[in-house]
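Counting with this note's numbering, you get residues 1354 to 1583 for the letters of the sequence shown. For each residue, glycine too, the CB sits at the ideal point set by N, CA and C. Heads up: the structure comes next, in structure tokens.
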Amino acid sequence: MGTYCLTGSVEPTTCPGGYFCGALSSIYTACPAGTYCPTGSWNATVCPGGTYCSARISSFSTCPAGYYCPEGSTTFTGCVEGQYSASGAEACSNCPAGFYCGSTIANSAFSSCVSGTYSAAGASACTDCSSGTYAVVEASSCATCSSGKYSEAASGSCSSCPNGKYSSSGASSCTSCSEGYFQASQDASSCDACPTGQVPSLDNGGGGIRRFCKLITTSIFPPSLCALVL
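In structure tokens, the structure reads:
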């Protein structure tokens, strides 16, 4: 045990907490910052990682959440953007992919990226998916919409192309079938040519949606005769 002996003393005195007493000491010495000295210390002990020590203390303090304390720390330091820590951390950790760690220092936890957004490890914010892609919650990247589907920016899922339209993979919108072609099904990646003798039917009030084909009809009477027949 660390003790010291005052001039003229018969018995040694135990070194007080926060100080240390080497061999044959006549006085005690204050523990410097970054170390601690329990009662009766021979020398100062370096503050362990995950804790901090101010000067003249007998025990260390635990590093609070959102901060880090390397070995021998005199105080705690806040985690930077994109990182976090629990209490007692010697170092901060990168926020995992699919999550984000605030835009301020001293993050003690991470938050989930919502659907339609994503993040890589160490992110301070989530990023919107671009059009033609999508993401579920806590995504590390956006997935491409398959052919026959589409999506706008920041989408959590892809939508189906309706009949009369089609799309290739990664589409931000569907394309209407061109003249001479139709598509009767949803989720189509292309349109089909109408059989010989048929043409696409423009339904929905003539809005250009070619959902099916119909036979070509040609009148053999001039308009004046048609009126007489009616």
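From the listed residues 1532, 1434, 1466, 1463, the smallest Cα separation to residue 1457 is found for 1434. If you draw a straight line from the Cα of residue 1447 to the Cα of residue 1411, it comes to about 33 Å. In this structure, residue 1535 lies away from residue 1515, with their beta-carbon atoms at least 8 Å apart. In the DSSP assignment, residue 1565 falls within the unbroken beta strand (DSSP E) covering 1562 to 1568. Of 1363, 1380, 1401, the smallest CA-CA separation from residue 1389 is found for 1401. In this structure residue 1371 is in contact with residue 1383, their Cβ atoms being roughly 7 Å apart against a cut-off of 8 Å. DSSP, reduced to helix, strand and coil, places residue 1419 outside both helices and strands of the structure shown, so it counts as coil. In the same chain as residue 1392, and ignoring 5 residues on each side of it, the C-beta atoms closer than 8 Å to its own belong to 1367, 1368, 1369, 1370, 1411, in chain order. About 15 Å separates the Cβ atoms of residue 1500 and residue 1484, ruling out a contact at the 8 Å cut-off. With respect to the C-alpha of residue 1530, the residue from 1508, 1504, 1563, 1398 having the closest C-alpha is 1563.
A direct Cα-Cα distance of roughly 7 Å separates residue 1377 from residue 1357. Within 10 angstroms of the beta-carbon of residue 1502 lie 16 or more other beta-carbons, which makes it buried. Non-local beta-carbon contacts of residue 1397 in its own chain, meaning distances under 6 Å to residues more than five positions away in sequence, involve 1373, 1384, 1388, 1390 in chain order. If you compare the alpha carbons of 1362, 1455, 1543 with that of residue 1436, the shortest gap goes to 1455. The Cβ-Cβ distance between residue 1527 and residue 1492 does not fall below 8 Å. In this structure, residue 1418 lies away from residue 1469, with their beta-carbon atoms at least 8 Å apart. For the pair residue 1476 and residue 1432, the CB atoms are not nearer than the 8 Å cut-off.
Burial check for residue 1375: the Cβ neighbour count within 10 Å stays below 16, so the residue is exposed. Burial is judged here by how many other beta carbons sit within 10 angstroms of a residue's own beta carbon; residue 1550 has fewer than 16 and is exposed. Between residue 1428 and the set 1438, 1408, 1445, the nearest pair of CA atoms involves 1408.
In this structure, residue 1438 lies away from residue 1452, with their beta-carbon atoms at least 8 Å apart. Here DSSP, grouped into helix, strand and coil, assigns residue 1545 to strand. Residue state for residue 1467 is assigned as coil, using DSSP reduced to three classes.
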